[in-house]
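Residue numbering for the sequence shown is 1 to 402, as defined by my numbering.
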Amino acid sequence: MNDGTHHPAGHDRSTGVAEPSRPAASRTGRGNSAPPSTRTAPLPGMPSPATPGRTGDGSRPRRAGGGRSPKPRPTGRRRAVRLAVLLLVVLLASSAGTYLWADTKLDQDVDLGALPDRPQGGRGTNYLIVGSDSRDGLSERDRQDLRTGSAEGRRTDSMILLHTGANGTTMLSLPRDSWVTIPPYVRPETGRSYRAEPNKLNAAFSLGGPDLLVRAVERNTGLHVDHYAEIGFAGFVGVVDAVGGVDMCLERDVRDDKSGADLRKGCQTLDGGKALAFVRQRKQEAEGDLGRTRNQQKFLAALAAKAVTPGTLLNPARSFPTLSAGLDTLVVDKDTDLRDLMSLFQAMRGVTAGGGRQINVPVSDPGFATSKGSAVKWDDRRARTLFTELRDDRPVTLPQGE
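Laid out in structure tokens, this is it:
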């Protein structure tokens, strides 16, 4: 009965108690079914609102029978690409592991920062590369086969000052018989002090090891040595053999009974033993020790070019033996790590590729008579000019090969 009073929706007029509201679906009489879709077809020129590859309700299209459409099988080319990427990842991971291992094995025995009376650093970077005649790592049979003799201790067999900078790389050989001034030093085995005195450059190494040699080089050139790297006979032979030998083209036959060199004229691949004999021989060189230093430069540049090729660096089967062989007798300074050594090899490789120069220190008398025997006397004026150019990282004016 309508008494004219307004009753809100859901209110029971017989009891006066509010009736619980019902779900909208009940009120519409549609139960729990979903509301109708309001999606409409796109206007001409407009993209479909559905996600690509899906139907309008967001599901993927189904093929006959109710299953999903199969993923496209990879083509032969795609499988090959995936395999190549996987192999590259494994290869790089192996190489990275090899270098991390090698970095921890470096013999950082030389503390350049503790040396006294050092010249100020110039522009660019200077490496002192020393080939010592250390027999460590060689068996008695090896010594006989390589004709290294049986002398104990370490002496310098070659010294190269390598400068890198804005004007490329310069490989400067310092003859081991160079007549220089040895700085004051203390003999470590006796504790006895010695004043500065003239002597052959290689005497500095035998009297005071790498420390005195670096000081002698710095005192007589005015150049600050940033890194030191020394390798003995065994390490040299091992590295050459590990990279598969080094290709060299000789302009004439090379025979030397003392070093054991017996090489034919022409292009050939030198293994470790032949390479060692080649860089040590000097008897048939017209300029003696100066001629030998040129051979050493030429060979080291070729070795560096071989050692930093992708076939060696990215091949663990080669890079690991190469590093392992070199580490056997390699001595570096405390601030030199594997990255610095790689920079050194890259710089030497650049010389081979025409990005640098190979020169000897200017000499005025290769047979200078001294109280210590025949020595190599530098041309003081031209040598000072050269050292100044290197310190200031200016283009070197000394002719190539001198």
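Ideal Cβ positions, reconstructed from N, Cα and C, are used throughout, including at glycine.
Cβ separation of residue i and residue j, assumed to be a contact under 8 Å, to the nearest whole Å
i	j	result
G124	D333	Rounded, the Cβ-Cβ distance is 17 Å, inconsistent with contact.
V396	T170	6 Å
R282	G291	6 Å
G121	H224	4 Å
G278	L263	In the sequence as presented, Gly is not what sits at residue 278; that position holds Phe. 6 Å between Cβ atoms; contact.
S158	T370	Not a contact, Cβ separation roughly 21 Å.
Opening and closing residue of the alpha helix (DSSP H) in which residue i lies
i	result
E189	Note, E189: premise wrong, no alpha helix (DSSP H); not H, not E.
S178	That residue, S178, is in no alpha helix (DSSP H); it is neither H nor E in DSSP.
P210	201-221
Residue i vs residue j beta-carbon contact at 8 Å
i	j	result
V240	A275	yes
V180	T156	no
A229	L344	yes
K372	K200	yes
A347	L115	no
L338	V214	no
R349	P362	no
V243	A307	yes
G238	G272	yes
R192	L207	no
R118	G222	no
V376	A302	no
G260	L330	no
Q297	S132	no
R219	P183	yes
T336	Q108	yes
D211	V110	yes
For residue i: DSSP bridge partner residues
i	result
K403	This structure gives no information on residue 403, because the portion of the chain shown stretches from 1 to 402.
A229	I129, V332
L172	L161, I359
D393	Partner(s): none; D393 has no beta bridge.
P183	For P183, which the question treats as bridged, DSSP gives no partner whatsoever.
G266	L250
P198	T181
T293	The partner list for T293 (beta bridge, DSSP) is empty, contrary to what the question assumes.
T370	G373
T156	S132
Continuous beta strand (DSSP E) stretch holding residue i: start and end
i	result
A277	Premise fails: A277 lies in the alpha helix (DSSP H), 272-280, not in any beta strand (DSSP E).
R357	356-360
R255	254-256
A353	That residue, A353, is in no beta strand (DSSP E); it is neither H nor E in DSSP.
V246	246-250
V243	Unbroken run through V243: none, as it is neither H nor E.
A261	261-263
Q120	Premise fails: Q120 is in no beta strand (DSSP E) and is neither H nor E.
D111	No beta strand (DSSP E) holds D111; DSSP gives it neither H nor E.
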